[in-house]
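Worksheet: the structure to be examined is printed underneath.
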Amino acid sequence: MSGQRLLVVDDEPVVRELLSATLRFAGYTVTSAATGGEAVEAARAEPPDLVLLDVMLPDMEGFEVIRRLRELPRPLDGTRPGQVPVLFLTARDATQDKINGLRLGGDDYVTKPFDLEELLARIEAVLRRTGLSPEDRTLRVGDLEVDSDGHQVTRAGKPVRLSPTEFRLLRYLALNAGRVVSKAQILEHVWQYDFAGDSSIVDTYVSYVRRKVDTAEPKLIHTMHGVGYVLRKPRPG
1 MSGQRLLVVD DEPVVRELLS ATLRFAGYTV TSAATGGEAV EAARAEPPDL
51 VLLDVMLPDM EGFEVIRRLR ELPRPLDGTR PGQVPVLFLT ARDATQDKIN
101 GLRLGGDDYV TKPFDLEELL ARIEAVLRRT GLSPEDRTLR VGDLEVDSDG
151 HQVTRAGKPV RLSPTEFRLL RYLALNAGRV VSKAQILEHV WQYDFAGDSS
201 IVDTYVSYVR RKVDTAEPKL IHTMHGVGYV LRKPRPG
């Protein structure tokens, strides 16, 4: 966590100061901005590792801010150009607002009022998913390897051909290896929007990935009935 830089964007001074103080206490380096324009300039001057972004700002909506942030060049430090992670933090809790934010590339969407401990946990989760160091860009679970940069997968040294959606699903499971993730979490992070319809799409795609990855023993993808799915390495013995 040390050295990770967060940019807090909120036009309410009390919220901005509370967040900044909490995040500094948690060990982050924090810059703040009160407007969308200030946020873009701050990100251009010193690229952050994560932006906490309000939707309702005095000069432009947060949705426009994220569009402009995506156009900024990023240093070659293990993150993709223009893809600074963004966590929306806003009082706008309509489903359509959440869908818009996630479709525009937001990595999470938290509504006010919020619990500070939960927010810190969400920040850590986003940074884990998006802030992979160069040596961690290849994820390994048992004899399975997921190359985040090359979008390549191997099992026991043999290539596994996956569609883009199948790759995103497997990568998300690998990022959370050993931890059960729910269908709702998978929908949000793989399909990148709140899916209000039939969640059986997750079961369908997990089935597709299993047919390609778990072709031999030991099986790595496990169903936790009533909870979700987990990718874990074989247990000894």
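Under the working numbering, the first residue of the sequence shown carries the number 1, and numbering increases by one thereafter.
Note that the Cβ used here is the ideal one computed from N, Cα and C, for glycine as well.
Segment contact, 8 angstroms Cβ cut-off, at least three pairs: the region 151-165 with the region 119-128: no
Under 8 angstroms between C-beta atoms of residue 69 and residue 8: no
Candidates 87, 106, 228 and 4, of which the one nearest residue 47 by Cα: 4
Whole-number beta carbon distance between residue 66 and residue 86, since they are thought to touch under 8 angstroms: 5 angstroms
Paired residues, beta bridge with residue 221 - DSSP: 231
The region 176-189 / the region 222-232 touching (three or more Cβ pairs under 8 angstroms): yes
Cβ neighbour criterion (16 or more within 10 Å) applied to residue 27: exposed
Between the CA atoms of residue 108 and residue 220 - distance to the nearest angstrom: 27 angstroms
Simplified DSSP assignment, three categories, for residue 25: helix
Residue burial classification, residue 1 (beta-carbon count within 10 angstroms, cutoff 16): Its pLDDT being 42, under 50, residue 1 is placed unreliably in this model, and the coordinates cannot settle the point.
Spatial neighbours of residue 218 in its chain, beta-carbon cut-off 8 angstroms, leaving aside the 5 residues before and after: 142 and 234
Residues near residue 31 in its chain [Cβ-Cβ closer than 6 angstroms; skip 5 each side]: 7 and 42
Cβ shell of residue 116 (< 6 angstroms), same chain only, five flanking positions each side left out: 22
Selected residue, minimal CA-CA separation from residue 111, among 98, 208 and 24: 98
N- and C-terminal bounds of the beta strand (DSSP E) containing residue 6: 5-9
Whole-number beta carbon distance between residue 205 and residue 165, since they are thought to touch under 8 angstroms: 6 angstroms
Cross-strand partners of residue 152 (DSSP beta bridge): 147
Contact under 8 angstroms by Cβ, residue 171 with residue 209: no
Residue 25 burial status per 10 Å Cβ neighbour count (16 or more: buried): exposed
Residue 42 CB to nearest heavy atom of the ligand SAH below 7 angstroms: Inclusion of the ligand SAH in the displayed structure is not the case, the ligand content being empty and no account of it being possible.
Residue 180, DSSP secondary structure in three states: coil
Which listed residue (216, 215 and 232) has its alpha carbon closest to that of residue 223: 232
Euclidean distance between Cα positions of residue 199 and residue 191: 11 angstroms
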